[in-house]
Amino acid sequence: MARICVLGAGVVGLSSAVNIQSILPEADITLIADQFNQETTSDGAAGHFDANIAGIHRTHGYKLWRTETPPPFHSSFDYGCRALSKSELLRLPGNYTFTNKGGKVIRKKLISVDEIAGSYDVIVNCTGLGSRKLFDDKELVPIRGHLIRVKAPWIKTLFIDEDDTYIFSGQDTVVLGGTYERGEYRLDKDQRYYDDIMAQCCRLVPSLKHAEVERTWVGLRPWRPSVRLEVEMISLGGRRLPVVHNYGHGADGVCLSWGCGVEAANLVKQQLTKTGAPRLVSKL
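In terms of UniProt numbering, the sequence shown has 18 at position 18, counting the first letter as 1, and numbering is strictly consecutive.
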């Protein structure tokens with residue numbers, strides 16, 4: 001059985017782990033990270049998808065019931081309204097739970113990749129800024145960002161101005177941002193930035209002055225001149241080991257996470273074939 005280690009539990013690491021598990025169901029996959037859930041930059045990020053150059057896009061969604069339910073009254077004239085197929089139901093988030101499919105999770109801060117020498121056939125590096133120390137990437141730079149989440153249920157539209165002030169409406173809160181401080185590692189919150197964000201957003205939408213602040217957030221975006229999504233062969237524990245790098249997405253981690261996760265999974269599969277790792281047995 002092939003042994004695969006995914007380093008990092010942000011949106012990029014989790015997307016990579018789930019995609020690897022999808023195409024290599026017989027592999028033994030372990031995810032190692034020192035930060036999870038609200039401790040990660042991914043959890044606090046606004047998550048704006050900004051890859052459509054046309055400026056026009058359609059949003060789709062799912063409405064779920066616990067038992068089989070008749071079609072809603074508007075299904076006959078609502079474009080695209082239909083029941084989900086069995087294959088689509090299998091792709092819903094609840095069926096992608098990494099641990100339920102045999103994935104292992106370890107909370108651990110790696111000081112060096114030498115700590116996992118001899119334990120895995122492939123390493124998938126999704127450590128973001130951690131790659132600067134773990135893999136000596138001097139091109140990697142932090143970009144510190146502040147944002148505010150407020151309760152403003154009347155806001156149903158997103159706003160972005162030419163100064164990159166943004167207002168993103170969500171299900172429970174509205175995200176107000178943001179700041180971009182290149183080369184800044186500090187994670188302490190600076191109230192001056194929050195005051196400025198609120199002032200700029202209220203200029204765009206004055207009613208926000210009545211919004212209740214849910215929480216403030218500060219995080220570090222892992223930026224480099226280009227996303228690193230490639231294979232590097234390293235010497236580890238007396239053997240040559242493939243490392244699939246998947247990091248450096250900057251402010252686009254949420255936007256690019258799934259596509260990069262798919263590509264990372266394909267690279268892992270290619271490397272297992274090349275290196276002669278324990279043969280994977282298909283379930284088909």
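We put the CB at the ideal spot given by N, CA and C, even for glycine.
Rounded to whole angstroms, how far is the Cβ of residue i from the Cβ of residue j, which I believe are closer than 8 Å?
{"i": "residue 221", "j": "residue 139", "result": "With a Cβ gap of about 14 Å, residue 221 and residue 139 do not count as contacting."}
{"i": "residue 262", "j": "residue 244", "result": "Not quite, the Cβ-Cβ distance comes to about 12 Å (not below 8 Å), so this is no contact."}
{"i": "residue 180", "j": "residue 145", "result": "6 Å"}
{"i": "residue 42", "j": "residue 18", "result": "The Cβ separation is near 14 Å, so there is no contact."}
{"i": "residue 103", "j": "residue 32", "result": "With 8 Å as the limit, residue 103 and residue 32 do not qualify as a contact, their Cβ atoms being about 12 Å apart."}
{"i": "residue 176", "j": "residue 197", "result": "5 Å"}
{"i": "residue 214", "j": "residue 273", "result": "Not confirmed; about 48 Å, so no contact."}
{"i": "residue 219", "j": "residue 8", "result": "Between residue 8 and residue 219 the Cβ distance is about 14 Å, and since that is not below 8 Å, they are no contact."}
{"i": "residue 165", "j": "residue 194", "result": "So it is not a contact: roughly 13 Å between Cβ atoms."}
{"i": "residue 255", "j": "residue 227", "result": "Going by Cβ atoms, the distance from residue 255 to residue 227 rounds to 11 Å, so no, they are not a contact pair."}
{"i": "residue 16", "j": "residue 246", "result": "5 Å"}
{"i": "residue 229", "j": "residue 117", "result": "Contact flag wrong, Cβ pair sits at about 24 Å."}
{"i": "residue 20", "j": "residue 268", "result": "5 Å"}
Is residue i helix, strand or coil by DSSP?
{"i": "residue 40", "result": "coil"}
{"i": "residue 2", "result": "coil"}
{"i": "residue 53", "result": "Summary for residue 53: the model assigns pLDDT 48, below 50, so the residue's position carries little reliability, and this model does not support an answer."}
{"i": "residue 230", "result": "strand"}
{"i": "residue 33", "result": "strand"}
{"i": "residue 13", "result": "helix"}
{"i": "residue 274", "result": "helix"}
{"i": "residue 81", "result": "coil"}
{"i": "residue 19", "result": "helix"}
{"i": "residue 280", "result": "Here residue 280 scores only 46 on pLDDT, less than 50, and its place in the model is too uncertain to base an answer on."}
So who's on the other strand from residue i, going by DSSP bridges?
{"i": "residue 219", "result": "145"}
{"i": "residue 7", "result": "32 and 125"}
If we require 3 or more residues per run, which beta strand (DSSP E) segments fall completely within the stretch 93-164?
For the stretch 93-164, whole beta strand (DSSP E) runs of length 3 or above, ordered along the chain, are 104-107, 122-125 and 141-151.
Uninterrupted alpha helix (DSSP H) stretches inside the stretch 163-216 (no shorter than 4 residues):
When DSSP assignments are scanned along the stretch 163-216, the uninterrupted stretches of alpha helix (DSSP H) that are 4 or more residues long and fall wholly within it turn out to be 191-204.
I'd like to know if the stretch 194-206 and the stretch 116-135 are in contact, where contact means that at least 3 CB-CB pairs between them fall below 8 Å.
Taking one beta carbon from each stretch, the stretch 194-206 and the stretch 116-135 have fewer than 3 pairs nearer than 8 Å; the two do not touch.
Only counting runs of 4 or more residues, tell me where the alpha helix (DSSP H) segments fall wholly within the stretch 233-272, in order along the chain.
The alpha helix (DSSP H) runs of length 4 or more contained entirely in the stretch 233-272 do not exist; there are none.
Stretch pair the stretch 100-112 + the stretch 163-183: three plus CB contacts closer than 8 Å
In short, these stretches do not touch, since the Cβ pair count stays below three.
Is it a yes or a no for the stretch 4-11 touching the stretch 22-33, going by three-plus beta-carbon pairs under 8 Å?
A contact exists between the stretch 4-11 and the stretch 22-33.
Decide yes or no for the touch test of the stretch 149-158 against the stretch 240-259: beta carbon pairs closer than 8 Å, at least 3 of them.
No contact exists between the stretch 149-158 and the stretch 240-259.
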